[in-house]
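Input: a single structure, listed below in structure tokens.
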Amino acid sequence: MTNIAFVFPGQGAQYLGMGKTLYENSSEVRKLFDAASMRLGQDVAQLCFEGPEEELKKTENTQPAILTVSLAAAKVLTEQGVVPDFLAGLSLGEYSALVFSHAIGFEDAISIVRKRAQLMQRAVPIGEGGMAVIVGLSKSQVEECCIIGSSLGVVEPSNYNSPNQIAISGHIRAIDKACEYAKSLGAKQVVKLPVSAPFHSSLLAGAGKELLKYLKTSDFKLPQIPVMSNVCARPYNCTNEIPALLCAQVSSSVRWEECVRYMSAQGINTFIELGPGKTLSGLIKKITGNARTYNVEDYASLEFTIDSLKRGAA
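This is how it looks when you write it as structure tokens:
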């Protein structure tokens with residue numbers, strides 16, 4: 004029996020043209036884009052398909068754009084009869100999962116993620132904070148790198164992506180020192196990320212508190228399908244904890260590896276990434292070697308995924 008999880012990407016997965024063939028081939032997807040545009044007062048289809056790229060890269064535009072494209076991909080897949088048993092998303096992607104599970108309405112989520120993006124960007128002046136990915140070191144080694152780097156400012160593990168890939172976040176000088184120490188420990192790769200804020204670090208705690216005020220004005224419901232929380236690597240189990248955990252998520256480490264392992268332990272053997280890119284599919288393969296992974300970001304990948312699922316069930 005196939006047990007399926009839908010997983011949704013976070014910021015950084017965006018690209019010009021994302022969602023275009025879904026929009027062209029589905030009236031329901033067009034309605035989704037129209038709803039997003041109406042709520043934001045901005046043409047989201049034009050932003051996703053034509054940009055300009057610099058506008059799409061702006062955090063306050065990127066987050067609602069990815070949310071819209073991810074849910075568009077989920078819509079066309081479920082129209083083909085594919086239903087998930089679990090849901091999860093990386094950072095921003097957790098909002099896509101909550102919308103799909105009917106824990107929050109799409110229009111409300113669009114407004115929330117734009118506010119979230121604005122608060123996260125404003126928390127630290129541009130040029131002072133950033134992120135990097137360290138590949139090839141253990142969790143304890145990366146944490147040691149952060150201790151070394153912290154002599155120059157805040158630097159903390161921000162994303163536990165897979166067994167040998169961990170992102171760090173904080174002040175740029177502290178990150179640079181942590182990265183140099185990681186190289187001395189034999190890291191296979193150290194990459195500074197093209198982001199303008201130290202996402203998922205304690206530097207954004209104030210942004211999380213501001214977001215909580217906004218979240219408390221929204222109407223959350225218990226997810227109809229289990230949704231994993233990035234903060235505690237378990238499913239949400241009551242309505243009241245949703246805003247609290249989404250607030251904490253802004254400044255807490257994303258425990259993605261643990262989320263995937265939890266779902267695998269519940270019998271999930273097929274993961275379908277919905278939205279731009281294949282980043283999560285690659286991470287999942289590193290976390291659990293025996294799971295099947297697919298992605299849906301356009302009509303070609305939709306057809307491939309449907310065909311593969313049918314052949315797998317035969």
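Heads up: the sequence shown begins at 4 in our numbering, then just goes up one per residue. Just so it is clear, CB atoms sit at the ideal spot from N, CA and C, and this is done for glycine as well.
- Within a 10 Å sphere around the beta-carbon of M41 sit fewer than 16 other beta-carbons, which makes this residue exposed.
- When only Cα atoms are considered, E82 and Q49 end up about 25 Å apart.
- Proximity of the segment 208-225 to the segment 65-82 falls short of the contact definition, fewer than three beta-carbon pairs being nearer than 8 Å.
- Annotation for T296: no alpha helix (DSSP H) segment contains it, though the beta strand (DSSP E) segment containing it runs 295-299.
- I7 carries a strand assignment under DSSP once its states are collapsed to helix, strand and coil.
- Non-local C-beta neighbours of S29 in its own chain, meaning closer than 6 Å and more than five positions away in sequence, comprise V79, ordered along the chain.
- Counting along the chain, the unbroken beta strand (DSSP E) around L277 starts and ends at 273-277.
- If you draw a straight line from the Cα of I150 to the Cα of D179, it comes to about 13 Å.
- Following the DSSP letters along the chain, one finds I169 inside the beta strand (DSSP E) bounded by residues 168-174.
- Along the segment 193-264, the alpha helix (DSSP H) occurs as fully enclosed runs of 4 or more residues at 208-218, 244-252, listed in sequence order.
- Distances from the alpha-carbon of G278 to those of F103, A177, K61, E159 put F103 closest.
- Under the DSSP definition of a beta bridge, I137 partners with I169, V193.
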